[in-house]
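In our numbering, the protein residues as written are 69 to 436.
Just so it is clear, CB atoms sit at the ideal spot from N, CA and C, and this is done for glycine as well.
Pasting the structure below:
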């Protein structure tokens, strides 16, 4: 089976789908790996490292993909890239299926079997393939660092020649993988951290990383899907959550919002009225900006100062730590390919518990 790894072309994307270590493992499993020159350069993986891993280096996207059975990417392909994909081949990447109808239709028209890494099911067998979780770890870590750097005050308590400085207060909305990592990082930086999430399992998880869980009375078993994701709330329940957040957020120095609902816009949890009541000089880092933002004043990719509060619309944070982000994503992909590799073919059996939920288009034949 021939596997293509092209260079990412999306603006600001520094990751690569397959790092040399994973490429070498798949090559040993009998795969032919073809990598576009410079594909790993921005992430710190040189062409020489790929050559040493036993892969073939080629000049451009079209050459890499020509004759390939499987194409591995980070971001969804552009229209010219889709046109260069071999008919009846297989594509695996982040596809953002809820907002990619035109790309998905183009892939289907070309006969491409496309699998979305966002749709890896949250089951035990697929845990090592869960790219959303691996990348969310970086999102939470970087969100805390970005917030700390943007603040007008220090996070930790300090005893100085000028007296003792009280620790800053940080509040994390959403306690999934990103939120828990944001809590842990803010705690390591010395902040006093609190958090909120609507899911029942979140309270114990928040407390386990040393934060205070607020408004526990608003947690409901109906707020969580079987896969562990949050669900949309009824209007009255959502209003009670907003009221609790409003009461708490007034005293916060740093707010990190990470709440998300798969396939839907990010829930609005921070209103303009809340921002108006926050301390001047405080910071909001909204990592759900690309999905519309948890704060109604967020603009994706921009930092705004409203009522004296800095609102950072953080986008694609994993690409800002491309070495480790690529390493983790590559391991997710490697495990997925190894799982589906049968007699030298990437094959999804009917009813496959991992691949079936991930498939967004289907071709006429398996990849050889």
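Could you work out which residue in the options is closest to residue i when comparing CA atoms only?
i, options, result
"residue 156", "167, 170, 134", "134"
"residue 396", "199, 181, 112", "199"
"residue 337", "369, 350, 303", "303"
"residue 238", "154, 281, 412", "281"
"residue 362", "335, 314, 424, 245", "335"
"residue 242", "308, 271, 167", "271"
"residue 70", "342, 221, 414", "414"
"residue 206", "409, 388, 421", "388"
"residue 152", "167, 166, 168, 179", "179"
"residue 412", "82, 98, 78", "98"
"residue 78", "219, 384, 196, 192", "384"
"residue 428", "103, 165, 373, 72", "165"
"residue 393", "203, 416, 360", "203"
"residue 251", "307, 326, 386", "326"
"residue 348", "365, 374, 201", "374"
What residues are listed by DSSP as bridge partners for residue i?
i, result
"residue 104", "126"
"residue 262", "239, 280"
"residue 385", "Per DSSP, none; premise fails for residue 385."
"residue 226", "233"
"residue 378", "351, 373"
"residue 287", "Its beta-bridge partners do not exist; DSSP assigns none."
"residue 158", "138, 181"
"residue 338", "363"
When you compare only the Cα positions, how much space is there between residue i and residue j?
i, j, result
"residue 376", "residue 226", "25 Å"
"residue 247", "residue 85", "25 Å"
"residue 101", "residue 331", "32 Å"
"residue 434", "residue 406", "Because residue 434 sits at a pLDDT of 46, beneath the cut-off of 50, its placement in the model cannot be relied upon, and the following sentence gives the value as read from the coordinates. When rounded, the distance between both Cα atoms is 15 Å."
"residue 432", "residue 379", "Low per-residue confidence applies at residue 432: pLDDT is 45, beneath 50, and the placement is therefore not dependable enough to give any value."
"residue 351", "residue 339", "14 Å"
"residue 110", "residue 258", "32 Å"
"residue 147", "residue 324", "35 Å"
"residue 214", "residue 370", "13 Å"
"residue 343", "residue 208", "21 Å"
"residue 74", "residue 80", "16 Å"
"residue 145", "residue 171", "8 Å"
"residue 279", "residue 125", "48 Å"
"residue 275", "residue 426", "33 Å"
"residue 131", "residue 256", "47 Å"
"residue 368", "residue 218", "17 Å"
"residue 223", "residue 261", "10 Å"
"residue 235", "residue 216", "12 Å"
"residue 354", "residue 192", "30 Å"
"residue 116", "residue 149", "25 Å"
"residue 87", "residue 253", "27 Å"
"residue 421", "residue 196", "14 Å"
"residue 436", "residue 72", "Residue confidence is low: residue 436 scores 47 on pLDDT, short of 50, so the model does not pin down where it sits. Its coordinate-derived value is still stated next. Rounded to the nearest angstrom, the two C-alpha atoms are 13 Å apart."
Could you check what DSSP says for residue i in three-state terms: helix, strand or coil?
i, result
"residue 317", "helix"
"residue 325", "strand"
"residue 399", "helix"
"residue 193", "helix"
"residue 332", "coil"
"residue 427", "strand"
"residue 71", "strand"
"residue 245", "helix"
"residue 188", "coil"
"residue 133", "helix"
"residue 257", "coil"
"residue 422", "coil"
"residue 390", "helix"
"residue 146", "coil"
"residue 84", "coil"
"residue 163", "coil"
Legend entry - Inter-stretch contact at 8 Å, needing at least 3 Cβ pairs: the stretch 309-323 / the stretch 176-184: When Cβ pairs closer than 8 Å are counted between the two stretches, the stretch 309-323 is seen not to touch the stretch 176-184, the count staying below three.
Inset, instruction - Evaluate contact between the stretch 89-104 and the stretch 398-405, counting only Cβ atoms and requiring at least three cross-stretch pairs below 8 Å. - result: Touching, per the Cβ criterion.
Legend entry - Contact the stretch 159-176 vs the stretch 137-145: 3+ CB pairs below 8 Å: Verdict: yes, contact present.
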